[in-house]
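Below is one structure, written out as structure tokens; the observations come after it.
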Amino acid sequence: MSKPVIASIAYVNEILRTYDTHAKKRFGQNFIVDANIIHKIVNTSGVDKETMVLEIGPGMGSLTQELLKHAKKVVAIEIDPLMVELCEKHFRDEPHFTLIHDDVLNVNFEELFKSQQCLHEKCMVVANLPYYITTPILFKLIESNVCFNSMQLMVQKEVAQRFLAKVGTKDYNALSIIIQTLFEVKTALEVSRNVFIPRPAVDSSVIHLKRKEVSYAQCKPYFDFLKCAFVQRRKTLTNNLKATYDSESIKAALNACQLSESVRAEACTHEQLSSLFKILNQG
Numbered sequence: 001m002s003k004p005v006i007a008s009i010a011y012v013n014e015i016l017r018t019y020d021t022h023a024k025k026r027f028g029q030n031f032i033v034d035a036n037i038i039h040k041i042v043n044t045s046g047v048d049k050e051t052m053v054l055e056i057g058p059g060m061g062s063l064t065q066e067l068l069k070h071a072k073k074v075v076a077i078e079i080d081p082l083m084v085e086l087c088e089k090h091f092r093d094e095p096h097f098t099l100i101h102d103d104v105l106n107v108n109f110e111e112l113f114k115s116q117q118c119l120h121e122k123c124m125v126v127a128n129l130p131y132y133i134t135t136p137i138l139f140k141l142i143e144s145n146v147c148f149n150s151m152q153l154m155v156q157k158e159v160a161q162r163f164l165a166k167v168g169t170k171d172y173n174a175l176s177i178i179i180q181t182l183f184e185v186k187t188a189l190e191v192s193r194n195v196f197i198p199r200p201a202v203d204s205s206v207i208h209l210k211r212k213e214v215s216y217a218q219c220k221p222y223f224d225f226l227k228c229a230f231v232q233r234r235k236t237l238t239n240n241l242k243a244t245y246d247s248e249s250i251k252a253a254l255n256a257c258q259l260s261e262s263v264r265a266e267a268c269t270h271e272q273l274s275s276l277f278k279i280l281n282q283g
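Residue numbers are given in our numbering: position 236 of the sequence shown equals residue 236, and the series is strictly consecutive.
Encoded structure:
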């Protein structure tokens with residue numbers, strides 16, 4: 001007997017009725033009820049039978065169900081006890097599925113992958129990230145000693161715009177540069193708010209991040225500099241950097257980069273900010 005399609009209005013509503021429950025706002029739960037969207041997320045991810053997938057927040061298992069058809073192994077991390085129970089029941093006969101009941105922010109990815117004997121496998125993250133903790137989860141992933149080859153992430157549309165933002169736009173910030181330094185970034189697909197139960201207030205985007213040959217540890221001092229440069233967006237670079245560098249050094253570095261002393265970080269390209277960082281930290 002074939003199992004039901006999880007990404008459907010009928011299945012999700014039946015589960016909510018059966019367990020007399022609802023989507024929990026504190027966990028950022030919104031359940032996808034369109035199987036076509038699930039297919040597109042997986043089909044544009046690049047996952048194959050050589051790929052170990054880390055899934056964050058599987059919920060009822062709609063994305064998990066499709067990933068298991070394509071991946072070598074799926075390791076999922078879920079915080080909600082009810083969703084853990086549902087996934088354990090639905091996927092109990094799946095030999096290539098492991099479910100971890102924990103808060104993803106508490107998980108040591110390196111230890112997890114060692115325990116699964118897949119530390120040196122081709123690793124990918126595929127996830128519908130809870131909107132309220134997208135940035136903390138993202139930084140935990142990129143700061144990890146596990147080098148994920150790529151990530152296929154569904155995020156709030158405005159967050160996706162920050163990932164892709166160019167200099168001079170309202171969405172351009174430290175996160176834009178950090179992500180674009182570490183990854184090749186592209187939009188895999190747009191997702192309407194209407195394919196979720198309950199319906200969120202905003203639309204989503206699925207972003208594909210392909211890792212570049214550069215490590216987070218190698219770039220961390222520069223990334224810390226960027227966070228300082230953008231800490232108060234409407235202030236000048238000079239004012240933002242005064243917490244870390246003396247005024248004369250900042251003035252000299254700006255002049256060397258042919259930048260005005262009144263320039264803001266949002267008006268500087270990646271290359272200009274990188275040059276400024278190198279000059280301020282030389283010697």
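No residue lacks a Cβ here, since even glycine has one placed at the ideal position from N, Cα and C.
Burial state of residue i (16 or more Cβ within 10 Å)
i: T51; result: buried
i: E55; result: buried
i: R162; result: buried
i: V48; result: Position check: residue 48 holds Asp in this sequence, whereas Val was assumed. Under this definition D48 is an exposed residue.
i: I9; result: exposed
i: Q117; result: exposed
i: P58; result: buried
i: Y19; result: exposed
i: Y172; result: buried
i: N255; result: exposed
i: D224; result: exposed
i: D80; result: buried
i: E248; result: exposed
i: T238; result: buried
i: E184; result: exposed
i: N36; result: exposed
i: Q65; result: buried
i: N240; result: buried
i: A308; result: Outside the displayed range of the chain (1 to 283) lies residue 308, so it cannot be described from this structure.
i: S205; result: buried
Extent of the continuous alpha helix (DSSP H) to which residue i belongs
i: H101; result: Taken as a continuous stretch (DSSP letters only), H101 belongs to no alpha helix (DSSP H), being part of the beta strand (DSSP E) at F97 to H101.
i: F277; result: H270 to L280
i: K114; result: F109 to S115
i: Y11; result: I9 to T18
i: F139; result: T134 to E143
i: Q180; result: A174 to L182
i: N239; result: L237 to L241
Selection from the options that minimises the alpha carbon distance to residue i
i: K140; options: L153, F109, V231 and L276; result: F109
i: K114; options: P58, L226, V155 and V75; result: V75
i: E143; options: R211, V5 and V155; result: R211
i: Y216; options: L99, V12, C147 and H22; result: C147
i: N145; options: L112, C268 and S275; result: L112
i: V12; options: S62, G28, S45 and T44; result: S62
i: Q180; options: V214, V155, G168 and P198; result: V214
i: K3; options: L105, K89 and I100; result: K89
i: P221; options: L16, L273 and A267; result: L273
i: D203; options: E266, I133 and V159; result: V159
i: V104; options: L280, K170 and I137; result: I137
i: A265; options: I15, C87 and G168; result: G168
i: Y131; options: A7, N30, T98 and A253; result: N30
i: Q218; options: L280, C268, M83 and L182; result: L182
i: A106; options: E78, N281, L129 and A267; result: Note that residue 106 is Asn in the sequence shown here, rather than Ala. Among E78, N281, L129 and A267, the Cα nearest to that of N106 belongs to E78.
i: L82; options: G46, K69, K24 and V155; result: K24
i: T269; options: S45, A165 and S205; result: A165
i: I177; options: V263, E271 and V5; result: E271
Host beta strand (DSSP E) of residue i (start-end)
i: V75; result: K73 to E78
i: N128; result: K122 to N128
i: L259; result: Per DSSP, L259 belongs to no beta strand (DSSP E) and is neither H nor E.
i: Q156; result: S150 to Q156
Minimum Cβ-Cβ distance from residue i to chain C less than 8 Å
i: A10; result: Of the chains in the structure shown, none is chain C; there is only one protein chain.
| field | Segments assigned beta strand (DSSP E), at least 3 residues, entirely inside the region 187-220 | value | Complete beta strand (DSSP E) runs here, min 3: 204-211.
| Can you give, in chain order, each stretch of the beta strand (DSSP E) that sits fully within the region 25-95 and has at least 3 residues? | DSSP runs (the beta strand (DSSP E)) wholly in the region 25-95: 51-56 and 73-78.
| Is it a yes or a no for the region 202-217 touching the region 228-237, going by three-plus beta-carbon pairs under 8 Å? | Contact between the region 202-217 and the region 228-237 is absent: fewer than three C-beta pairs spanning the two stretches fall below 8 Å.
| query | When the Cβ atoms of the region 144-157 are set against those of the region 124-133, are three or more pairs found closer than 8 Å? | reply | The region 144-157 is in contact with the region 124-133.
| query | Quick one: any contact between the region 92-105 and the region 66-80, if contact means 3 or more CB pairs under 8 Å? | reply | The region 92-105 is in contact with the region 66-80.
| Is the region 26-45 touching the region 182-195, taking contact as three or more C-beta pairs under 8 Å? | Taking 8 Å as the limit for Cβ pairs, the verdict is that the region 182-195 does touch the region 26-45.
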